[in-house]
Amino acid sequence: MRRYVLRRVLEMVPLVLVITAISFALIRAVPGGPLSAFELDPSIKPEDVERIRRNLGLDRPLYEQYLVWLWGLLHGDLGRSLVTGRDIAEMIATRVPNTLLLAVLALAIQYVAAIPIGVYAALHHRRAFDQISNLYAAVVHAVPGFWLGILLILVFSVQFQSWGLPWLPSGGMFTIATAGALDDRLVHLILPTAALAIPGMAGLIRYTRSAMLEQLGQDYVRTARAKGLRRPAVTLHAFRNSLLPIVTLLGLNLPLLFSGALVVEVIFQWPGMGQLAYTAAMQRDYTVLMALVVVSSVLVVVGNLLADVVYGLLDPRVGYS
Amino acid sequence: MIDVARQLQAQPAAVVQEVDEAEPGRWASVWRRFRGDYVALASLVVAMLLVVVALAAPLISTYVTGFEPQQQSLLRALRPPGAPNYLGTDELGRDVLTRLVYGARVSLGVAALTVTVALTLGAFLGSLAGYYGGWVDSVIMRSVDALQSIPSLFILIFVSVIFNVGPVSLAFVIASLSWTGISRLVRAEVLSLRTRDFVVAARALGASDARLIVHHVMPNVVPVMIVWATLAVGNVILSEATLSYLGLGIQPPTPSWGNMLTNAQQYFYRSATLVIAPGLAIFVTVLVVNVVGNALRDALDPRLGHR
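The listed protein sequences derive, respectively, from chains S and H. The first sequence begins at 498 in the working numbering and counts up by one. The second sequence begins at 4 in the working numbering and counts up by one.
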């Protein structure tokens, strides 16, 4: 077990290296470069530009610059924002908890809601409930995530207000007036979480349903039924085995969850990593964007590793060789 | 049957005829199964209508709506639906219906180009990986793993900020991140086809690697590619719309369904149509394309059955 985890961690290293190398190459492909403004300025002497270039280490070969940057990365130094000059590691660190709060909550809700629905649909294969859950999955799968977010605001914030009903806040994490009381924070979580969990549920229902159907068609289920085992017990047998692919899906879905969270954060002005990426994109803050690509990729890779480890814990047949 | 025909394909004349006869029969039975699914059939009709609308956009703007997509009129800004603006106007007084029709051109065009590029790249790399195995396989598949573990929206945003993208380059950028799925599928198919008798027979007759891949292996991967391509169209439309909504994809004044929603969010107090119309267009398009894709999968591979 320990060896398996160690091997997987070691396998992550080249993956992360490739990701960092790609982001570094992309940033250097930017037309102009960091000193182009100085080069064009007639009041700055060419030898001063050269001096700045030397001081910043930009005169050194590209691979050396990459290694220096990587060395900083290993020490938690992500550089400084091109726009504000603030320390990027600090900027991201304040955002990560907010994104994780939103993403983990949405993930928990979608698993708690989707798994029973998927199991029930499989048990009542091709009956009304199954058809409706299929329809839900097909419809939600085709709805653009950002449009769903806008529609939620349109209905629950705008229309509810105009109908005189209790309405939900359309953005932010808390109202400044209440200075972040717990109930106020929870109310602000409802719409963004829904916008993230509703699309996620669709795929999960489908997946749970087909995993469950596959198990229900297995010989051991027929045997259990034939010997007269009670239905709930049979269902439990099948369910335990269909959990495995569901856990795998968790790992595969992480990148999607981050991408989804980005859009939701922008729409609901949620101060997470996604909104930071959006603001940085609008301000052409390349260094912040690059750091975000690296940090979010690393988070996803680590998440994948955790999913694989849990997979192994659930299924003793998975060898850790 | 098809396998036997392919085994003998290396020999000319009489046998070739047998192959030609086998092929139409196969597609006819696929069509017969597809035809039986009325929802899929209706979706196909809607999808084709959307393509016609996209192609005929200039005709529609001249003869039906009477507005140009970029024709502004501040006096007519934010009108509710009603003649002559059947779906109302946006904050600059542009006709929403006309922009929607032109938006179909952009959204469907970008999707078609993206899927073509991704399919070509993915099928090429996937077949190489599956056919040759060894280090070729390792290098290609590890790159696939790497690409799949990056949240693609972050990369898309990063790239579209660095390079100012137009519709064509946007298609290439999205394609460069979405070929991984099909390359895995093609690899798996090629891996199992490679050792089949008809391929071994063709190799024994002296066929080159290129000929084996192009003439013997790939024709059998076509069904998988068709299904993937259809389902990918929907996902690509969603990706492009998301990027354009964020202001990082198709740039105004060129209308796309995504960028029409960018400003709409500020004005939905005054006009809900502005938000509903483009979103509904995306939704309907993706829905019908997905339904067609799923029905195609069932029709191409009846063994799978209705899950």
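Just so you know, even glycine gets a beta-carbon here, dropped at the ideal spot from N, CA and C.
Legend entry - is_contact[residue 83 (chain H), chain S] using C-beta, thresh 8 Å: Locating residue 83 (chain H) in the second sequence gives position 80, counting from the first residue. For residue 83 (chain H), the answer is no, since every Cβ of chain S falls outside 8 Å of its Cβ.
Legend entry - Neighbourhood of residue 234 (chain H) by C-beta, 7 Å cutoff - its chain only, sequence neighbours within 5 removed: Within the second sequence, residue 234 (chain H) is the residue found at index 231, counting from 1. Closer than 7 Å at Cβ, skipping near neighbours: 293, 296.
Legend entry - Closer than 8 Å to chain H by CB, residue 578 (chain S): As a first step, residue 578 (chain S) is located in the first sequence; it is residue number 81 there, counting from the start. Not closer than 8 Å to any Cβ of chain H, the Cβ of residue 578 (chain S) fails to qualify, so no.
Inset, instruction - Using beta-carbon positions only, say whether residue 261 (chain H) and residue 247 (chain H) come within less than 8 Å of one another. - result: Looking up residue 261 (chain H) in the second sequence gives position 258. Looking up residue 247 (chain H) in the second sequence gives position 244. Yes, these two residues count as a Cβ contact at 8 Å.
Legend entry - Secondary structure of residue 681 (chain S), DSSP reduced to three states: The residue you call residue 681 (chain S) lines up with position 184 of the first sequence. Three-state DSSP puts residue 681 (chain S) in a helix.
Inset, instruction - Output the distance between the C-alpha atoms of residue 793 (chain S) and residue 69 (chain H), rounded to the nearest integer angstrom. - result: Counting from 1 along the first sequence, the entry for residue 793 (chain S) is found at position 296. Counting from 1 along the second sequence, the entry for residue 69 (chain H) is found at position 66. Computed Cα separation, rounded: 48 Å.
Legend entry - Range of the contiguous alpha helix (DSSP H) that encloses residue 102 (chain H): Residue numbering aside, residue 102 (chain H) sits at position 99 when the second sequence is read from its first letter. Element bounds for residue 102 (chain H): 99–135.
Inset, instruction - Alpha carbon to alpha carbon, how far is residue 610 (chain S) from residue 730 (chain S)? Give it in angstroms, no decimals. - result: The residue you call residue 730 (chain S) lines up with position 233 of the first sequence. The residue you call residue 610 (chain S) lines up with position 113 of the first sequence. Cα-Cα distance, rounded: 21 Å.
Legend entry - Any 3 or more C-beta pairs closer than 8 Å across the stretch 798–809 of chain S and the stretch 500–517 of chain S: yes
Inset, instruction - Could you check the C-alpha separation between residue 275 (chain H) and residue 647 (chain S) for me, to the nearest Å? - result: Position 272 of the second sequence, counted from the start, is the residue given in the question as residue 275 (chain H). Position 150 of the first sequence, counted from the start, is the residue given in the question as residue 647 (chain S). Approximately 11 Å, taken between the alpha carbons.
Inset, instruction - Please list the segments of the alpha helix (DSSP H) lying wholly inside the stretch 195–243 of chain H, counting only runs of 4 or more residues, in order along the chain. - result: Fully enclosed alpha helix (DSSP H) runs of 4 or longer: 200–207.
Legend entry - Segments of 4+ residues assigned as alpha helix (DSSP H) that fall wholly inside the stretch 508–563 of chain S: 533–537, 543–553
Inset, instruction - Mind listing the chain S neighbours of residue 1 (chain H)? Cutoff is C-beta to C-beta under 9 Å, in chain order. - result: Lying outside 4 to 310, the shown extent of chain H, residue 1 (chain H) is not represented and no answer is given.
Legend entry - Short CB-CB distance (under 8 Å) between residue 24 (chain H) and chain S: Here residue 24 (chain H) is taken as the residue at index 21 of the second sequence, counted from 1. Below a pLDDT of 50, predicted positions are generally treated as unreliable, and residue 24 (chain H), at 43, falls in that range; no measurement from the model is reported.
Inset, instruction - Assign residue 183 (chain H) to one of three DSSP states: helix, strand, or coil. - result: In the second sequence, counting from the first residue as 1, residue 183 (chain H) sits at position 180. Looking at residue 183 (chain H) - three-state DSSP - the assignment turns out to be helix.
Inset, instruction - Sort H:77, H:194, H:73 by Cα distance to residue 256 (chain H) and report the nearest one. - result: For the purposes of this step, residue 256 (chain H) is taken as residue 253 along the second sequence, with counting starting at 1. If we check each option's Cα against that of residue 256 (chain H), H:73 comes out closest.
Legend entry - beta-carbon residue 90 (chain H) near the ligand SAM non-hydrogen atom, thresh 7 Å: As far as ligands go, the structure on display features none, and thus does not contain the ligand SAM.
Legend entry - Length of the line joining the Cα atoms of residue 802 (chain S) and residue 538 (chain S): Here residue 802 (chain S) refers to the residue found at position 305 of the first sequence. Here residue 538 (chain S) refers to the residue found at position 41 of the first sequence. Approximately 50 Å, taken between the alpha carbons.
Legend entry - residue 24 (chain H) classed as buried or exposed, judged by whether at least 16 other C-beta atoms fall within 10 angstroms: Residue mapping note: residue 24 (chain H) aligns to position 21 of the second sequence, counting from 1. In this prediction, residue 24 (chain H) scores a pLDDT of 43, lower than 50, which makes its location untrustworthy; no coordinate-derived value is stated.
Inset, instruction - Show which residues of chain H have a CB atom less than 7 Å away from the CB atom of residue 526 (chain S). - result: For this step, residue 526 (chain S) is matched to residue 29 along the first sequence. Taking the beta carbon of residue 526 (chain S) as reference, the chain H residues within 7 Å of it are 165, listed in sequence order.
Inset, instruction - Name, going along the chain, the residues of the stretch 235–262 of chain H whose beta-carbon falls closer than 7 Å to a beta-carbon of chain S. - result: 237, 241, 244, 245, 248, 249, 251
Legend entry - C-alpha distance - residue 724 (chain S) paired with residue 750 (chain S), whole-angstrom precision: For the purposes of this step, residue 724 (chain S) is taken as residue 227 along the first sequence, with counting starting at 1. For the purposes of this step, residue 750 (chain S) is taken as residue 253 along the first sequence, with counting starting at 1. Approximately 39 Å between the Cα atoms of the pair.
Inset, instruction - Could you tell me whether the Cβ of residue 1 (chain H) comes closer than 8 Å to any Cβ of chain S? - result: Outside the modelled stretch of chain H, which goes from 4 to 310, sits residue 1 (chain H), for which no answer is possible.
Inset, instruction - Report yes or no: is there a C-beta of chain H within less than 8 Å of the C-beta of residue 647 (chain S)? - result: Residue numbering aside, residue 647 (chain S) sits at position 150 when the first sequence is read from its first letter. It does: the Cβ of residue 647 (chain S) has a partner Cβ on chain H nearer than 8 Å.
Legend entry - residue 58 (chain H) versus residue 51 (chain H) - alpha carbon distance: The residue given as residue 58 (chain H) occupies position 55 in the second sequence. The residue given as residue 51 (chain H) occupies position 48 in the second sequence. Taking the straight line from one Cα to the other gives about 11 Å.
Legend entry - Selected residue, minimal CA-CA separation from residue 150 (chain H), among H:116, H:187, H:135: Mapped onto the second sequence, residue 150 (chain H) falls at position 147. Nearest C-alpha to residue 150 (chain H) among H:116, H:187, H:135: H:187.
Legend entry - CB contact flag (residue 576 (chain S), residue 788 (chain S), <8 Å): Here residue 576 (chain S) corresponds to residue number 79 of the first sequence, with the count starting at 1. Here residue 788 (chain S) corresponds to residue number 291 of the first sequence, with the count starting at 1. Less than 8 Å divides the Cβ of residue 576 (chain S) from the Cβ of residue 788 (chain S).
Inset, instruction - Please confirm if the stretch 133–147 of chain H is in contact with the stretch 79–87 of chain H, defined as three or more CB-CB distances below 8 Å between the two stretches. - result: no
Legend entry - Nearest residue (CA-CA) to residue 313 (chain H), options H:111, H:156, H:78, H:192: Because chain H spans 4 through 310 in this model, residue 313 (chain H) falls outside it and cannot be assessed.
Legend entry - Best match in H:218, H:284, H:303 for proximity to residue 54 (chain H) [C-alpha to C-alpha]: On the second sequence, residue 54 (chain H) is found 51 positions in, with the first residue counted as 1. Nearest of H:218, H:284, H:303 to residue 54 (chain H), Cα basis: H:284.
Legend entry - Every unbroken beta strand (DSSP E) inside the stretch 598–652 of chain S [3 residues or more]: Secondary structure in the stretch 598–652 of chain S: no beta strand (DSSP E) run of 3 residues or longer lies completely within the stretch.
Inset, instruction - Would you list the residues sitting across from residue 577 (chain S) in a DSSP beta bridge? - result: As a first step, residue 577 (chain S) is located in the first sequence; it is residue number 80 there, counting from the start. For residue 577 (chain S), which the question treats as bridged, DSSP gives the partners S:584.
Inset, instruction - Tell me residue 85 (chain H)'s beta-bridge partners as DSSP assigns them. - result: Reading the second sequence from its first residue, position 82 is the one you call residue 85 (chain H). Residue 85 (chain H) pairs with H:88.
Inset, instruction - Using a Cβ-Cβ cut-off of 8 Å, state whether residue 96 (chain H) counts as contacting chain S. - result: Numbered from 1 along the second sequence, position 93 holds the residue referred to as residue 96 (chain H). Not an interface residue.
Legend entry - Residue burial classification, residue 581 (chain S) (beta-carbon count within 10 angstroms, cutoff 16): The residue you call residue 581 (chain S) lines up with position 84 of the first sequence. It counts as exposed.
Inset, instruction - Give a yes or no on whether the minimum CB-CB distance between residue 671 (chain S) and chain H is below 8 Å. - result: The sequence position of residue 671 (chain S) within the first sequence is 174, counting from 1. Judged by the 8 Å Cβ criterion, residue 671 (chain S) is not in contact with chain H.
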